[in-house]
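At position 11 of the sequence shown the residue is numbered 11 (the UniProt record's numbering), and the sequence of numbers has no breaks.
Even for Gly, the Cβ is constructed at its ideal location relative to N, Cα and C.
Note that the structure is a prediction, hence the values are computed from the model and not measured.
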Amino acid sequence: MLVKDSDLDSPVPGLPLSRRTFAGTSLAAGFAAAVRPALGQSVIQTSAEGLKAGDIAVRGGDGIPVRAYWVQPLGKGPFPTVLVVSEIFGLHEYIRDICRRLARQGYQAIAPNVFQRQGDPSTVSSVAEIQSGIVARVPDLQVLGDLDACAAWAAANGGDPGRLGITGFCWGGRIAWLYAAHNPQLRAAVAWYGRLDGVSTENTPRHPVDLAASIYAPVLGLYGGKDQAIPLADVETLREGLARAGRRAELVVYPEAGHAFHADYRPSYRSDDAMDGWRRMLAWFRSHQL
1 MLVKDSDLDS
11 PVPGLPLSRR
21 TFAGTSLAAG
31 FAAAVRPALG
41 QSVIQTSAEG
51 LKAGDIAVRG
61 GDGIPVRAYW
71 VQPLGKGPFP
81 TVLVVSEIFG
91 LHEYIRDICR
101 RLARQGYQAI
111 APNVFQRQGD
121 PSTVSSVAEI
131 QSGIVARVPD
141 LQVLGDLDAC
151 AAWAAANGGD
161 PGRLGITGFC
171 WGGRIAWLYA
181 AHNPQLRAAV
191 AWYGRLDGVS
201 TENTPRHPVD
211 LAASIYAPVL
221 GLYGGKDQAI
231 PLADVETLRE
241 GLARAGRRAE
251 LVVYPEAGHA
261 FHADYRPSYR
271 SDDAMDGWRR
281 MLAWFRSHQL
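Following this line, the structure appears as structure tokens:
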């Protein structure tokens, strides 16, 4: 089934376990519940016709050129910019389509290849091997630096530096939370089923539940009530921490959704919840002048 671009902004009615030890087998089970097709081909296919789009290279925080996919509307702008952070499967067609969908809504969208120094997930068939051989080797600081570099590139190439947002999916959802605690210029963030807690390592020293009091930008978190990878207890822990700290945030749980309910190339996709989440994301961005 091909879903039209215009369908993505239609309003659909929606519904507003222990720490550290859950991240191992349960997280792997959540990812493995819907192994992706090799190319991540979206059910929703958004044309680049009438948009400016292409592959670019952005000099990362460590000086290494980082490949990225960039899309924006025609015209000079400046356009509000949304950084898009991928799942563990990298910069494949689904993430590129997300960028085009955002451009259709008037945004400049940039998705960096945050795994390129550590490997190419598209060449690895095992989820466990992607996690251990590539993702676990990626330092949070490296990713945050690459996102800063993309934000700077955007500001110099048609983006409005005063209107910067971020969204991320799964692994990228966690990064969206981290970036909201990293960049004080960020206007708004939307995290799709991003992991909230886990084992602290040299590469991942802190997690969203540790950063509730440090969040700069308002964050919308979208989660599945039946997500095997993210316990609802973590969602509630973060919700309470954000409330205590007086931070602007909204956490939405879709009761029947599992992990990756927006990933329309995986069996976990739930169209009603995905479209409602997309509508909420756009409304969140617009309500925070993005």
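- When DSSP states are grouped into helix, strand and coil, residue 81 belongs to the strand group.
- Under the 10 Å beta carbon count, residue 131 is surrounded by 16 or more other beta carbons and is classified as buried.
- Contact between the segment 266-282 and the segment 178-186 is absent, with fewer than three C-beta pairs closer than 8 angstroms.
- Residue burial annotation: residue 74 is exposed, with fewer than 16 other C-beta atoms found within 10 angstroms of its C-beta.
- In the structure shown, residue 204 adopts coil according to DSSP, grouped into three states.
- Looking at the DSSP output, residue 108 bridges to 81.
- Residue environment: residue 63 is assigned as exposed (fewer than 16 neighbouring CB atoms within 10 Å of its CB, all protein chains considered).
- Contact between the segment 254-271 and the segment 79-97 is established, with three or more Cβ pairs separated by less than 8 angstroms.
- Burial state of residue 187 is buried, judged by a 10 Å Cβ sphere holding 16 or more other Cβ atoms.
- Following the DSSP letters along the chain, one finds residue 190 inside the beta strand (DSSP E) bounded by residues 188-192.
- In the displayed model, residue 169 falls within a strand according to three-state DSSP.
- For residue 238, the uninterrupted alpha helix (DSSP H) run begins and ends at 232-245, by DSSP.
- For residue 141, the enclosing alpha helix (DSSP H) covers residues 140-156.
- For residue 106 and residue 196, the gap between their C-alpha atoms comes out near 30 angstroms.
- Approximately 21 angstroms separates the beta-carbon atoms of residue 120 and residue 204; this is outside 8 angstroms, ruling out the contact.
- For residue 67, the enclosing beta strand (DSSP E) starts and ends at 65-73.
- Here the alpha carbons of residue 89 and residue 206 stand approximately 22 angstroms from one another.
- Under the three-state reduction of DSSP output, residue 248 falls in the coil class, being neither helix nor strand.
- Judged by DSSP in its simplified three-state form, residue 95 adopts helix.
- Residue 166 places its beta carbon 9 angstroms or farther from that of residue 152.
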